[in-house]
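Trainee: Those letters in the sequence shown? Residues 1 to 288, per the UniProt record's numbering, in order. Idealized CB from N, CA, C, for every residue including glycine. First, the structure itself, so that you have it in front of you.
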Amino acid sequence: MANEQSHNEHFEELCSGYVLNALDEDERAEFEEMLAEATDEQLRLYQALWSTANQLAFTIERNEPSETLKSRILAQIQADSESSSDEATVTSIDDQKTAEDQDRSFNWSAFSTAASFALLIVSLSLLFYSFNLSSEIDRKETVIGNQETKITELTNELERKEEMLAILESRDVDMVLMSGLEVNPDGYGKVIWDSEKQQALLQVANLPPVPTGKDYQLWLIRDNQPVSAGIFAVNDSSRDNFFKIEEMAQASEQSANAFAITMEPKGGVPQPTGDMYLLGNMTPDNSN
1 MANEQSHNEH
11 FEELCSGYVL
21 NALDEDERAE
31 FEEMLAEATD
41 EQLRLYQALW
51 STANQLAFTI
61 ERNEPSETLK
71 SRILAQIQAD
81 SESSSDEATV
91 TSIDDQKTAE
101 DQDRSFNWSA
111 FSTAASFALL
121 IVSLSLLFYS
131 FNLSSEIDRK
141 ETVIGNQETK
151 ITELTNELER
161 KEEMLAILES
171 RDVDMVLMSG
181 LEVNPDGYGK
191 VIWDSEKQQA
201 LLQVANLPPV
211 PTGKDYQLWL
221 IRDNQPVSAG
231 IFAVNDSSRD
241 NFFKIEEMAQ
251 ASEQSANAFA
261 ITMEPKGGVP
271 QPTGDMYLLG
281 NMTPDNSN
């Protein structure tokens, strides 16, 4: 980020000199190369500075000789043709007045040019400051937004883990191990079930990600009849995935026969229709 900021500052320095036609040949060539690869923000800055310089150029008024000065010059020419003796005097007087008028005109023009140039410098400085301030605000807002998103994600993750921990800390829980079936023999699953509170924690591994329009559905086999225990999706098969079963079907240890996982249309179905990926029976070997 430091290199990017340094690059932007160098671009701004050359940009101000470029619009004022104050760069040497090498600097001008360097800036034109930078301009060809400029970002959108840099192009907006260049256009703003160029527009400001053009507008200020039109504020410098051209000073034309006054009508009085013109009359005096014509009178001087006429006097030169009438008398050579008066030429020195008239010329001296009129030259003096003409010189004074020219001095005033020159001084006023120089003052106007200097004032306009000073105004341009002030305008460019304010524009640079505004541009940098706006960019810095945008950067900080982006950082704050990213941090708020990260905090929200961490908060949600913490709440989910606390809920899972509460299930694991229950005094009376059953653990049912599920194995992969023919459609997915490497699959693995585990259900930690608190039948008293009707809460459960599901852990699955080596399940393929669900395709579009599909969900995995967990089934509790109760009295030899499948009852939906919730749906979930796997997006990353390279790691274990944990899910809290929010609404566990009412069942006792005596009525529960097994847990199974099938792939169904998105949103789930009342009865299983898809392939069965995992199955775990409620036997003494599976219970704590």
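(1) Does the distance from the C-beta atom of Pro209 to that of Pro272 stay below 8 Å?
(2) For a test of the three-state rule: what should DSSP assign to Ser257, helix, strand or coil?
(3) What is the residue span of the beta strand (DSSP E) that Asp186 lies within?
(4) Grab me the residues of Val234's own chain with a C-beta within less than 8 Å of its C-beta, minus the 5 sequence neighbours each way, in chain order.
(5) At which residues does the beta strand (DSSP E) containing Met276 begin and terminate?
(6) Would you report the Cα separation of Met263 and Lys150, rounded to the nearest angstrom?
(7) Under 8 Å between the Cβ atoms of Leu23 and Ala53?
(8) DSSP three-state label for Leu20, please.
(9) If the criterion is Cβ atoms closer than 8 Å, does the pair Val191 and Leu181 meet it?
(10) Report the option in Glu33, Met282, Ser51 whose CA atom is closest to the CA atom of Ser255.
(11) Would you mind sorting Val173 into buried or exposed? The rule is 16 or more other CB atoms within 10 Å of its CB.
(12) Starting from Asp26 and walking both ways along the alpha helix (DSSP H), at which residues does that stretch end?
(13) Between the C-alpha atoms of Leu126 and Ser237, what's the straight-line distance to the nearest angstrom?
(14) Restricting to Cα atoms, I'd like to know which of Asp26, Phe11, Glu27, Glu30 is closest to Arg44.
(15) Rank Ser16, Gly267, Leu14, Ile245 by C-alpha distance to the C-alpha of Phe259 and give the top, closest one.
(16) Please report how far the alpha carbon of Phe31 lies from the alpha carbon of Asp40, in whole angstroms.
(17) Going by DSSP in three states, Ala202 sits in which element: helix, strand or coil?
(18) Do you know whose CA, among Glu9, Pro265, Glu25, lies nearest Ser135's CA?
(19) Closer than 8 Å, CB to CB, is Gln225 near chain D or not?
(20) For Ile261, which residues in the same chain have their Cβ closer than 6 Å to its Cβ, ignoring the five residues on either side in sequence?
(21) With DSSP run on the structure shown, which of helix, strand or coil describes Ala229?
(22) By the 10 Å Cβ neighbour count, where 16 or more other Cβ atoms means buried, how is Tyr129 classified, buried or exposed?
(23) Output the boundary residues of the beta strand (DSSP E) element that contains Gln217.
(24) Do Val183 and Gly280 come within 8 Å of each other at the CB atom, strictly closer than that value?
(25) With 16 as the cutoff for other CB atoms within 10 Å, does Ala118 come out buried or exposed?
(26) Give the DSSP-derived three-state secondary structure of Val143 in the structure shown.
(27) Less than 7 Å between C-beta atoms, sequence neighbours within five positions excluded: which residues of the same chain meet that for Ala48?
(28) Taking only the alpha-carbon atoms, compute the straight-line gap between Gly145 and Thr152 and give it to the nearest angstrom.
Mentor: A quick look at the data gives this:
(1) As a first step, residue 209 is located in the sequence shown; it is residue number 209 there, counting from the start. As a first step, residue 272 is located in the sequence shown; it is residue number 272 there, counting from the start. In this structure, Pro272 does not lie closer than 8 Å to Pro209 by Cβ.
(2) If you number the sequence shown from 1, residue 257 lands on position 257. Before going further, note that residue 257 is Asn rather than Ser in the sequence given. It is a strand residue.
(3) Taking the sequence shown and counting its residues from 1, one reaches residue 186 at position 186. Premise fails: Asp186 is in no beta strand (DSSP E) and is neither H nor E.
(4) Numbered from its first residue, the sequence shown carries residue 234 at position 234. So the qualifying residues of the chain are Val204, Leu207, Pro208, Pro209, Val210, Tyr216, Asn241.
(5) On the sequence shown, position 276 is the one that residue 276 refers to. First-last of the beta strand (DSSP E) with Met276: 276-281.
(6) Counted from its first residue, the sequence shown places residue 263 at position 263. Counted from its first residue, the sequence shown places residue 150 at position 150. Going from the Cα of Met263 to the Cα of Lys150 covers about 32 Å.
(7) Residue numbering aside, residue 23 sits at position 23 when the sequence shown is read from its first letter. Residue numbering aside, residue 53 sits at position 53 when the sequence shown is read from its first letter. Cβ distance not < 8 Å, so Leu23 and Ala53 don't count as in contact.
(8) Residue mapping note: residue 20 aligns to position 20 of the sequence shown, counting from 1. Leu20: coil per DSSP, three-state reduction.
(9) Taking the first residue of the sequence shown as 1, we reach residue 191 at position 191. Taking the first residue of the sequence shown as 1, we reach residue 181 at position 181. No, these two residues do not count as a Cβ contact at 8 Å.
(10) Taking the sequence shown and counting its residues from 1, one reaches residue 255 at position 255. Closest by C-alpha distance to Ser255, out of Glu33, Met282, Ser51, is Met282.
(11) Looking up residue 173 in the sequence shown gives position 173. The residue is buried, with at least 16 neighbouring Cβ atoms inside 10 Å.
(12) For the purposes of this step, residue 26 is identified with residue 26 of the sequence shown, where counting begins at 1. Element bounds for Asp26: 25-36.
(13) Here residue 126 refers to the residue found at position 126 of the sequence shown. Here residue 237 refers to the residue found at position 237 of the sequence shown. Looking at the two C-alpha atoms, the distance is approximately 55 Å.
(14) As a first step, residue 44 must be located in the sequence shown, where it is residue number 44. Comparing Cα-Cα distances from Arg44 to each of Asp26, Phe11, Glu27, Glu30, the minimum goes to Phe11.
(15) For the purposes of this step, residue 259 is identified with residue 259 of the sequence shown, where counting begins at 1. Answer by Cα proximity: Ile245.
(16) Translated into the one-based positions of the sequence shown, residue 31 becomes position 31. Translated into the one-based positions of the sequence shown, residue 40 becomes position 40. Taking the straight line joining both Cα atoms gives about 16 Å.
(17) In the sequence shown, the residue the question calls residue 202 occupies position 202. Here the sequence assigns Leu to residue 202, which means Ala is not the residue at that position. Strand.
(18) Within the sequence shown, residue 135 is the residue found at index 135, counting from 1. Taking only the C-alpha atoms, the option nearest Ser135 is Glu9.
(19) This model lacks chain D altogether, as it is built from one protein chain only.
(20) Indexing the sequence shown from 1 puts residue 261 at position 261. For Ile261, where only same-chain residues beyond five positions count, the Cβ hits under 6 Å are Tyr216, Leu218, Tyr277, Leu278.
(21) Numbered from its first residue, the sequence shown carries residue 229 at position 229. Correct three-state label for Ala229: strand.
(22) Indexing the sequence shown from 1 puts residue 129 at position 129. Tyr129 is exposed by the Cβ-count criterion.
(23) Against the sequence shown, residue 217 aligns to sequence position 217. First-last of the beta strand (DSSP E) with Gln217: 214-222.
(24) The residue given as residue 280 occupies position 280 in the sequence shown. The residue given as residue 183 occupies position 183 in the sequence shown. No, the Cβ-Cβ distance between Gly280 and Val183 is not below 8 Å.
(25) Along the sequence shown, one-based indexing puts residue 118 at 118. Exposed, because fewer than 16 other Cβ atoms sit within 10 Å of the Cβ of Ala118.
(26) Here residue 143 corresponds to residue number 143 of the sequence shown, with the count starting at 1. Note: Val143 maps to helix in three-state DSSP.
(27) Here residue 48 refers to the residue found at position 48 when the sequence shown is read from its first residue. Cβ within range, chain order: Leu127.
(28) Within the sequence shown, the letter at position 145 stands for residue 145. Within the sequence shown, the letter at position 152 stands for residue 152. The alpha-carbon atoms of Gly145 and Thr152 are separated by roughly 11 Å.
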